[in-house]
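Chemist: Have a look at the structure that comes next, please.
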Amino acid sequence: KFKINLPSYRTPEVKCSAGYYVKDGMDAIDLLIGSEGTLGVITEVEVFLIDELPERFIMLMFFEEEKETEIPKIVSELKTRKENLSIYCLEFFDKNSLIFIKDEYDFIPKDTIALYIESEKEKIDNWLEVIEKFGCKETVLANSKKEYELLSDLRYKLPETINSYFKKINSIKVSVDAAVPEEKLNELFNFYKNIMFENQNINMVIFGHIGENHLHFNMFPKNNEEKIVCEKIYIDCIKKAVSLGGTGFAEHGIGKLKNKYLEVMYKKEAILEMAKIKKSFDPYCILNLDNIIKKEYLFL
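Note that the sequence shown covers residues 591 to 890 in my numbering.
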């Protein structure tokens with residue numbers, strides 16, 4: 591057994607996978623979860639089963655593209671009615687992302703954006719009120735098992751199709767994985783949209799977990815000149831998310847490729863404290879060097 595003093599930094603109160611998780615009154619296991627193999631090796635896991643979920647449906651709410659600026663406000667209102675609506679999943683797809691799957695899912699209206707919702711079947715009537723209030727252009731409701739699976743697959747097919755297309759044309763992906771507090775979602779969303787407006791020559795899409803105030807903002811530069819622009823935008827987006835009390839790394843972690851960007855989010859002192867935690871668990875520094883923390887920090 592050994593004792594570890596908590597560092598001075600604290601993990602933002604949002605969905606976050608940046609560095610080691612630190613919170614007042616935390617359980618020690620929370621330090622290990624998400625540590626990207628840098629603190630130890632898990633040899634045994636005990637799991638508990640949750641109760642079976644009630645019957646659910648999936649609905650796609652399509653809006654005219656002009657209503658895009660209203661989406662954060664709509665999402666915020668839906669979340670205030672969470673119990674009444676029983677929201678299990680709330681996703682967003684912009685027009686650019688829907689274009690990639692329109693041929694396979696021909697029910698997608700032209701020039702629209704969409705909210706993807708999963709809820710309990712017994713709440714359908716409550717959702718009909720929502721549809722009427724927010725003025726959807728069209729809705730697609732998956733009620734049967736076959737329809738449910740079709741729309742469930744759509745959610746995963748969208749990022750797969752986008753990534754496959756740009757890989758096919760040898761374009762790299764620069765992907766922003768930021769999350770912010772709920773009251774700052776609108777500001778971050780508009781920040782992304784302004785970037786897209788100012789860089790219309792670069793392929794960009796926005797989609798993802800808007801119910802968690804976490805959107806994927808992906809850029810696909812066609813050449814080195816555009817790549818330089820996208821990398822600058824990437825850093826600007828991390829700085830913006832952090833300035834709003836959020837994180838630049840919501841769910842995909844840091845790994846080795848993004849460890850240099852951790853310095854954009856945390857000060858050097860905080861990263862040195864992370865290095866101290868690692869050396870407490872791994873005194874010989876043999877586990878996944880350069881994951882999360884640049885190895886230089888381990889020897890300062």
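All C-beta atoms in this analysis are idealised placements derived from N, C-alpha and C, irrespective of residue type, glycine included.
1) Look at the Cβ atom of TYR887, then the Cβ atom of MET855, and state whether they are nearer than 9 Å.
2) The beta strand (DSSP E) with SER709 in it runs from where to where?
3) Name, in chain order, the residues that DSSP records as bridge partners for ASP767.
4) Applying the 10 Å Cβ sphere with the 16-neighbour rule, what's the burial state of LYS664?
5) By the three-class DSSP mapping on this structure, what secondary structure does THR751 have?
6) Between the Cα of GLU654 and the Cα atoms of ILE882, SER833, GLU821, CYS726, which residue gives the shortest distance?
7) Could you give the first and the last residue of the continuous alpha helix (DSSP H) run that contains GLU859?
8) Can you tell which of SER870, LYS885, CYS875 has the C-alpha that lies nearest to the C-alpha of LYS593?
9) Between the C-alpha atoms of SER666 and LYS758, what's the straight-line distance to the nearest angstrom?
10) Between TYR611 and ASP620, how many whole angstroms is the CB-CB distance? I'm expecting something under 8 Å.
11) With DSSP run on the structure shown, which of helix, strand or coil describes MET651?
12) Taking PRO597 and ILE867 to be in contact with their CB atoms under 8 Å, please state how far apart those CB atoms are, rounded to whole angstroms.
13) Could you give the residue range of the beta strand (DSSP E) that holds TYR824?
14) Return yes when the Cβ of ILE752 is within less than 9 Å of the Cβ of SER709, no when it is not.
15) Mind checking which residues open and close the alpha helix (DSSP H) that includes GLU721?
16) Alpha carbon to alpha carbon, how far is TYR851 from ARG745?
17) What residue range is occupied by the uninterrupted alpha helix (DSSP H) comprising PHE779?
18) Does the region 771-780 come within contact of the region 799-808, defined as at least 3 CB pairs closer than 8 Å?
19) Is ASN813 closer than 9 Å to LYS763 when the C-beta atoms are compared?
20) Just to confirm, is the Cβ distance from ILE796 to HIS806 under 9 Å?
21) Candidates TYR695, TYR706, ASN733: which alpha carbon is nearest GLU712's?
22) Compare the C-alpha of THR659 against each of LYS783, ILE648, ILE689, PHE756 and name the closest.
23) Just to confirm before moving on: does the CB-CB distance between PHE697 and LEU748 stay below 9 Å?
24) By how many angstroms is the C-alpha of TYR599 removed from the C-alpha of LEU862?
25) Taking the straight line between their C-alpha atoms, what separation do you get for GLU719 and TYR706?
26) Return the CA-CA distance between LEU688 and PHE682, expressed in angstroms with no decimal places.
27) Kindly indicate which residue of GLU853, PRO602, LYS848 has the alpha-carbon position closest to the one of GLU626.
28) Output the distance between the C-alpha atoms of ILE823 and VAL635, rounded to the nearest integer angstrom.
29) Nearest to HIS842 by alpha carbon, out of GLY624, ILE714, LYS830?
30) So is LYS774 buried or exposed if we call it buried at 16+ other beta carbons inside 10 Å?
Modeler: Taking the geometry as given:
1) In this structure, MET855 does not lie closer than 9 Å to TYR887 by Cβ.
2) Looking at the DSSP string, the run of the beta strand (DSSP E) that includes SER709 is 702-710.
3) Under DSSP, ASP767 shares a beta bridge with PHE839.
4) For the record, residue 664 in the displayed sequence is Ile; it is not Lys. That one is buried.
5) THR751 falls in the helix class under three-state DSSP.
6) Comparing Cα-Cα distances from GLU654 to each of ILE882, SER833, GLU821, CYS726, the minimum goes to CYS726.
7) Per DSSP, GLU859 belongs to the alpha helix (DSSP H) from 858-871.
8) Among SER870, LYS885, CYS875, the Cα nearest to that of LYS593 is on SER870.
9) Distance between the alpha carbons of SER666 and LYS758 is about 37 Å.
10) Indeed they touch by this definition, with Cβ atoms about 5 Å apart.
11) Here MET651 carries a strand assignment [DSSP, helix/strand/coil].
12) 7 Å between Cβ atoms; contact.
13) Annotation for TYR824: no beta strand (DSSP E) segment contains it, though the alpha helix (DSSP H) segment containing it runs 814-833.
14) In this structure, SER709 keeps its C-beta atom at 9 Å or more from the C-beta atom of ILE752.
15) Note on residue identity: the sequence assigns Ile, not Glu, to residue 721. It spans 714-724 - the alpha helix (DSSP H) in which ILE721 sits, taken as one unbroken run.
16) Approximately 29 Å between the Cα atoms of the pair.
17) Start and end: 775-788.
18) Output reads yes: the region 799-808 touches the region 771-780.
19) Contact: no.
20) Between ILE796 and HIS806, the CB-CB gap stays under 9 Å.
21) Selected option, being the one with the closest Cα: ASN733.
22) It is LYS783 whose Cα lies nearest to the Cα of THR659.
23) No, Cβ-Cβ distance for PHE697 and LEU748 is not below 9 Å.
24) So the alpha carbons of these two residues sit roughly 11 Å apart.
25) Approximately 16 Å between the Cα atoms of the pair.
26) Our two residues, LEU688 and PHE682, have alpha carbons roughly 10 Å apart in a direct line.
27) Here the closest residue by C-alpha is LYS848.
28) Using only the alpha carbons, I get a separation of about 40 Å.
29) It is GLY624 whose Cα lies nearest to the Cα of HIS842.
30) When all chains shown are included, LYS774 counts as buried.
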